[in-house]
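Note sheet for the following structure.
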Amino acid sequence: MGGDQDDMARLFSYDPATGAYQILGFVDVNRRPYYTWQAYVIGAMVTGLDGTIYIGESERISKLYLFYPW
């Protein structure tokens, strides 16, 4: 997880075998025309027992993002 204070958060992947980083993209939910959410300030990230990745914002109005890797 990374980013700049005024920019959207991005997910990264690190391969320790090669020392290479891969940019996976923005933390973004697009359900137009109903709603669109973008993560900016991430306060926590954890993996559940089933592999689901939970990403929590730490802004005044925060959201919880779920990433299902399967």
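Each residue of the sequence shown is one higher than the one before, counting from 41 in the numbering used here.
C-beta: ideal position from N, C-alpha, C; glycine also.
Determine the burial state of residue i: buried for a count of at least 16 other Cβ atoms within 10 Å of its Cβ, exposed for fewer.
i: Ile95; result: buried
i: Leu116; result: The first residue shown for the chain is 41 and the last is 110, placing residue 116 beyond what the model contains.
Whose CA, out of the options, lies closest to the CA of residue i?
i: Gly91; options: Phe107, Lys103 and Ala84; result: Phe107
Please tell me whether residue i and residue j are closer than 8 angstroms, where the distance is taken between their beta carbons.
i: Ala49; j: Val69; result: no
Residue i by DSSP, collapsed to three states: which one?
i: Leu89; result: coil
i: Trp77; result: strand
i: Gly96; result: strand
i: Gln45; result: coil
i: Ser53; result: strand
i: Ile63; result: strand
Excluding the five sequence neighbours on either side, which residues of its own chain have a C-beta within less than 6 angstroms of the C-beta of residue i, listed in chain order?
i: Ala84; result: Gly96
Excluding the 5 residues flanking residue i on each side, which residues of the same chain have their C-beta closer than 7 angstroms to its C-beta?
i: Tyr54; result: Tyr61
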